[in-house]
Structures are given as C-alpha cells and as structure tokens.
Amino acid sequence: MADAQIKESKLHDMTHFGIRAAIGVIFLVHGIPKFSPGFSGFLTNIGLPVELQIPVALLETIGGILLIVGFFTRISASLLSINMLGAIFYVKQAASLTGERGFEIDLILLAGCLATIVSGPGRASISHIAKKIPRFLQ
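So in our numbering, the last one in the sequence shown is 149, and the numbering has no gaps at all.
Next comes the structure, spelled out in structure tokens:
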C-alpha cells in the first residue's frame, strides 16, 4: 500500500509541474511578441494607453518564466489571472466562447492560473527546493 501512495505522490507532483509548465510556456510565447511595436498599435485600436505595452509584455513573459520554474508561483498566477480577466471582459468583451473574438483559450488559461493559486507550486519547483520562502509567496 505504501508503494502505491509513493507513485501517486510522484504523479501528483508531475501533474503540478505539467500544468504549471504548460501555462507558463503559453504565456511566455504570447508575451515575447508583445514587445514589438505592432502590439502598441493594437492597444491604441482597442482604446487602451500605449504605456500598457511594456507592463503587459513583462507580466506575461516574466510571469510565464516564474510559473515554469515554480518561483513566486501564486503571485505570478494571481497577476496573470487579472490579465486574463482583462483579456476576456475588456479586449474580447466576452462576446462568444468560440469563433471570432472567442475567449476559450483565455478562459482555459484563467482556470489554470486559478488552479495554480489554490494548489501552489508543488514539490517540483524552486520554491520547494529553497524551503525558506514563506508559503504565501510561493
């Protein structure tokens, strides 16, 4: 019976890491192109100030990296959740789940971030290895 619990625990840890890594890679891949001048034009078209380009690009890039490595996971997932709420309700105006202006990927990323906030970084993370980081900062 103890052997089954050990395997279940390892599977649980790898699942935590897999979800964190998948969400982090998606944010990283979507965050890097937001440093280009084309994104500032997009922000202007939807009525947001151009000054938001760098904070949004940094949030998605650095937040994605932090999710992948498992450091400040809850904080970065919280900030990325707020970012996704803005994408769903302001940018896409929650018009349709699928199709043009569909927000299905944003909703999946929001759900993944919320699950990461609740579950924390898991044992396959820098936060667990360091062990000196307070739980609310993990």
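Idealized CB from N, CA, C, for every residue including glycine.
In the three-state scheme derived from DSSP, where H, G and I count as helix and E and B as strand, G110 is classed as coil.
Around the beta carbon of S136, 16 or more other beta carbons lie within 10 angstroms, which makes this residue buried. E111 counts as exposed, since fewer than 16 other beta carbons sit within 10 angstroms of its beta carbon. Within the model, the alpha-carbon separation for V67 versus N94 is close to 8 Å. A straight-line Cα-Cα distance of about 27 Å links H27 and T109. Counting the other Cβ atoms within 10 Å of the Cβ of A122 gives fewer than 16, which makes it exposed.
At least 8 Å separates the beta-carbon of L90 from that of G35. Counting the other CB atoms within 10 Å of its CB gives S47 a total below 16, which places it among the exposed residues. Collapsing the DSSP output to three states places Q64 in a helix.
Counting every other CB atom within 10 Å of its CB across the protein chains shown gives L96 a total below 16, marking it as exposed. Exposure of L69 is indicated by the presence of fewer than 16 other C-beta atoms within 10 angstroms of its C-beta.
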